[in-house]
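Novice: Per the working numbering, residue 242 is the first one in the sequence shown, and the count goes up by one each step.
Ideal placement from N, C-alpha and C gives every residue a C-beta, glycine not left out.
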Amino acid sequence: MDREGLTPLLAAARAAYQKSGARAAQRQCVALCVQHGAQLNTARCPEGRTAIFYISAIGATDELEYMVSVGRADVHATCRQGMGAIHFAAAHGQPDSLRLLLSHGAQAEAVDARGRFVLEHALIGMPGVSLPGKGHADCHRLLLRHMAR
Numbered sequence: 242m243d244r245e246g247l248t249p250l251l252a253a254a255r256a257a258y259q260k261s262g263a264r265a266a267q268r269q270c271v272a273l274c275v276q277h278g279a280q281l282n283t284a285r286c287p288e289g290r291t292a293i294f295y296i297s298a299i300g301a302t303d304e305l306e307y308m309v310s311v312g313r314a315d316v317h318a319t320c321r322q323g324m325g326a327i328h329f330a331a332a333h334g335q336p337d338s339l340r341l342l343l344s345h346g347a348q349a350e351a352v353d354a355r356g357r358f359v360l361e362h363a364l365i366g367m368p369g370v371s372l373p374g375k376g377h378a379d380c381h382r383l384l385l386r387h388m389a390r
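Laid out in structure tokens, this is it:
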């Protein structure tokens, strides 16, 4: 663990999220950690997020699929703000991550601690981090279609 108490997996996932320039190398580190049995559901950052939060937010669908399918990452895990990886994917405008999470049972109707739905996160983005754009509109459409079923 590092000085913040992050495991190598969490440190790599969070670095990929925070530093887009080093994203490819950090994604490789994430894949390596998962392949070697890193704890996907118990390791959490101080905000209470697991690695799939960060991986879904950057749209790393290959790593996300591996983490969920092979590593059995919990798509229902929530952080201290009551958000799940599905909220993060929508707030960061990542429709491919969102689609993958939904296909593995994440709930489109999930509500965070403030009472906001995933759909709302797709509309407002992540203030100060990810302003609404085309990816957010795609997430919004995807969620509406999914909820209409």
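Look up Phe-358 in the DSSP assignment and give the residues it is bridged to.
Specialist: Answer is Val-352.
Novice: Report yes or no: do the segment 285–297 and the segment 249–265 share at least 3 C-beta pairs separated by less than 8 Å?
Specialist: Touching, yes.
Novice: Mind checking whether Val-316 and Ala-332 have CB atoms under 8 Å apart?
Specialist: Contact flag unset, no.
Novice: Taking Arg-386 as the reference, which of Val-275, Pro-368 and Ala-349 has the closest Cα?
Specialist: Taking only the C-alpha atoms, the option nearest Arg-386 is Ala-349.
Novice: On the criterion of 16 or more Cβ atoms from any shown chain inside 10 Å, does Ala-354 qualify as buried, or is it exposed?
Specialist: With fewer than 16 Cβ atoms within 10 Å of its Cβ, Ala-354 is classed as exposed.
Novice: In this structure, how does DSSP classify Thr-283 when only helix, strand and coil are distinguished?
Specialist: Correct three-state label for Thr-283: coil.
Novice: Considering only the beta carbon of each residue, do Leu-364 and His-381 sit closer than 8 Å?
Specialist: Cβ distance < 8 Å, so Leu-364 and His-381 count as in contact.
Novice: Whole angstroms is fine: what's the gap from Val-311's alpha carbon to Gly-356's?
Specialist: About 32 Å.
Novice: Could you tell me how far apart the beta carbons of Ile-299 and Arg-264 are, in whole angstroms, since I believe they sit closer than 8 Å?
Specialist: Contact flag correct, Cβ pair sits at about 6 Å.
Novice: By the three-class DSSP mapping on this structure, what secondary structure does Met-324 have?
Specialist: Of the three classes helix, strand and coil, the one that applies to Met-324 here is coil, per DSSP.
Novice: Going straight from the alpha carbon of Arg-244 to that of Arg-390, what length do you get?
Specialist: C-alpha separation (whole angstroms): 46 Å.
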